[in-house]
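Take a look at the structure set out below.
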């Protein structure tokens, strides 16, 4: 036990050592969320369904004004991108509050604090997994088809999770010191959907498209759409950009978190 | 493996009074102030040292207690040991798996059932799920709440909550165990159970660090004790010595009397200093009187109180003049009071005074001068030892005196 900030490897090892706790906290977050509620796990479907519904409505309005009708691929595309977005929103919201919401644990018991925001991300991932079954059914019955490019999907989804985890670590820690962060995050998440290509595709913006893709989540969602719906390879430069954002971001966030961890108990 | 399980090396810990800036609006002035003023004072405004230069070592397998008044830095020390807080200066070294019980039931989720919380809390305290599954029945039995284990803990009484919390904590089995004042939960019976468990843990060779106001428990469990005072080490050494010194806070009124009673100590029958007595054991109270006037018609007052609640156990006035004639010219005179400790389990404190009968005034007084503990296993609670024995009555005529009357 040293008083200095642990190295990234030490810190990672500690979290691995406490993997059972990570599992139990994730399980607690899932279980407690739906306790004493009548609809139980159906709540996990509601938010993605609402987002898809809103997206489809917006799309129909746009298309009607130009005299076109919505086709199935448009619908599938919106549904496909809404789900990771719903995951991102719920994970970030949940994680931002994960340290402050567990004051009792942070001030009374030692364990690597990373598990709190990470468990929040995993719990949201579980919810999303339930909702994804619906999307998979939609894509299979809609005969979207399977190509070799589908192999990109796990990589892209993995990067979305890593990027979310990076933000989760950073924001949970920032919110511990400054409660403003929570409000800022709420506002950004509410309006973020307009700045992220969820209901539309980035290429419709023409020369302004790169601006939307600078948001790593934007380029990842775009890549997901390209590979699964449009059966093309993703734009490799943008994917590489998003990947480095996610991975370097995670390293940086983890490091910042470790640094700040020393004063968590007295600053919370 | 080294002999030292835990080392606290010249630890300093700084805290801040009042509110730390909590929103961005407060941060901006704070940062600009930090940039523009060249401030390298050791303590900034509102800061204070909670611990100053505290060092100690705990050997492997040792039971070590930390005592002190409120605010002396006990809990800070424990939180530093368990890595919840980090020291401002100094180094803490621990060898072995460490687990801290700072609060029982911290981390219980109210909406989850007892069973679910046992798993959750066990993991929070550093256990593996398999390990918990293996010990589950034992934990539930220890808490004595098998029938409520599938009820959400929000429906529990606070006693049940604490009992379940302690039961989980008591089964963690670390190499180093830190305990903060958790024994004060539940009824008498459960507290006994907790103490038994702690004794067992100590016996199994676990290194235990015990922070408590329950001096009786400290006395029973720990071989060495650290006494903190205002964030610094007041005394560190064998428990009996430290406790004795800690409890013997010299009375403020002692200086008001010209005659002094000094060197008050309790000894066993054979002479050495003693703090623990068995029920019925013989003891000697030694004291030395430095008379400043003629002590004619004086009485030696001997009071014993129970330390934990202040109950007056006895109040004797012993004739003094017959023992030795005191004059101002007499140099210090030592006295011996023989006692039989017909007391039951507890912590007791002795006060002595010299009372001048004709003028009805105190000539000397030593309030709470010496402490002792009585250990026994024959009674459940109480103060006085009446030495009861049971025998069978053989003579028929005694039945007529039986208080049981029927019909």
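Chains as they are written, first to last, in the working numbering: chain B, 52 to 319; chain P, 9 to 415.
For every residue, glycine included, the Cβ atom is placed at its ideal position computed from N, Cα and C.
Remember, it's a predicted structure, so these values are computed and weren't measured experimentally.
Environment of residue i [buried if 16+ CB atoms lie within 10 Å]
i                      : result
residue 91 of chain P  : buried
residue 266 of chain P : exposed
residue 74 of chain P  : buried
residue 395 of chain P : exposed
residue 179 of chain P : buried
residue 320 of chain P : exposed
residue 259 of chain B : exposed
residue 61 of chain B  : exposed
residue 261 of chain P : Caution is warranted here: a pLDDT of 46 is assigned to residue 261 of chain P, below 50, making its placement in the model unreliable, and the coordinate value is therefore given only provisionally. By the neighbour-count rule (16 or more Cβ atoms within 10 Å), residue 261 of chain P is not buried but exposed.
residue 308 of chain B : buried
residue 312 of chain B : buried
residue 252 of chain B : buried
residue 340 of chain P : exposed
residue 385 of chain P : exposed
residue 246 of chain P : exposed
residue 289 of chain B : buried
residue 310 of chain B : exposed
residue 148 of chain B : buried
residue 124 of chain P : buried
residue 302 of chain B : exposed
residue 67 of chain B  : exposed
Proximity of residue i and residue j at Cβ, strictly below 8 Å
i                      : j                      : result
residue 120 of chain P : residue 84 of chain P  : no
residue 371 of chain P : residue 295 of chain P : no
residue 115 of chain P : residue 129 of chain P : yes
residue 374 of chain P : residue 217 of chain P : no
residue 86 of chain P  : residue 71 of chain P  : no
residue 129 of chain B : residue 246 of chain B : no
residue 76 of chain P  : residue 236 of chain P : yes
residue 126 of chain P : residue 110 of chain P : no
residue 133 of chain B : residue 102 of chain B : yes
residue 305 of chain B : residue 150 of chain B : no
residue 169 of chain B : residue 216 of chain B : yes
residue 283 of chain P : residue 328 of chain P : no
residue 365 of chain P : residue 307 of chain P : yes
residue 322 of chain P : residue 312 of chain P : yes
Per-residue DSSP class, three states only, for residue i
i                      : result
residue 132 of chain B : helix
residue 119 of chain P : coil
residue 97 of chain P  : strand
residue 237 of chain P : strand
residue 180 of chain P : coil
residue 22 of chain P  : strand
residue 380 of chain P : strand
residue 271 of chain B : helix
residue 366 of chain P : coil
residue 261 of chain P : Note on residue 261 of chain P: pLDDT 46, under 50, position unreliable in the model; the coordinate value appears next. Helix, per DSSP.
residue 341 of chain P : strand
residue 230 of chain P : coil
residue 151 of chain P : helix
residue 200 of chain B : helix
residue 15 of chain P  : strand
residue 188 of chain B : helix
residue 350 of chain B : Because chain B here runs from 52 to 319, residue 350 of chain B falls outside it and cannot be looked at.
residue 57 of chain P  : strand
residue 464 of chain P : Summary: the structure shown does not reach residue 464 of chain P, with chain P confined to residues 9 through 415, and so no result is reported for it.
residue 401 of chain P : coil
Interface partners of residue i on chain P, CB under 7 Å
i                      : result
residue 79 of chain B  : 117, 120 and 128
residue 72 of chain B  : 131 and 132
residue 95 of chain B  : Going along chain P, no residue has its Cβ under 7 Å from residue 95 of chain B, so there is no contact; the nearest lies around 17 Å.
residue 317 of chain B : 23 and 93
residue 225 of chain B : Within 7 Å Cβ-Cβ: nothing; residue 225 of chain B doesn't reach chain P, min ~10 Å.
Partner residues on chain B for residue i, Cβ-Cβ distance less than 7 Å
i                      : result
residue 90 of chain P  : 161
residue 136 of chain P : 71
residue 111 of chain P : 159
Closer than 9 Å at the beta carbon, the chain B residues around residue i
i                      : result
residue 56 of chain P  : Simply none; closest approach about 13 Å.
residue 114 of chain P : 155, 156, 158, 159 and 160
residue 178 of chain P : The contacting residues do not exist; residue 178 of chain P stays about 15 Å from chain B at best.
Chain P residues whose Cβ lies nearer than 8 Å to that of residue i
i                     : result
residue 87 of chain B : 119
Neighbour list for residue i in chain P, Cβ cutoff strictly below 9 Å
i                      : result
residue 313 of chain B : 93 and 94
message = With three or more beta-carbon pairs closer than 8 Å as the criterion, would you say the stretch 131-139 of chain P touches the stretch 56-74 of chain B?
response = yes
query = Do three or more CB pairs link the stretch 62-70 of chain P to the stretch 240-250 of chain P at distances below 8 Å?
reply = yes
task = Assess, as a yes-or-no matter, whether the stretch 268-288 of chain B is touched by the stretch 185-204 of chain B under the definition of 3 or more beta carbon pairs within less than 8 Å.
result = yes
ask   = Does the stretch 210-229 of chain B come close enough to the stretch 134-143 of chain B to have 3 or more Cβ pairs within less than 8 Å?
value = yes
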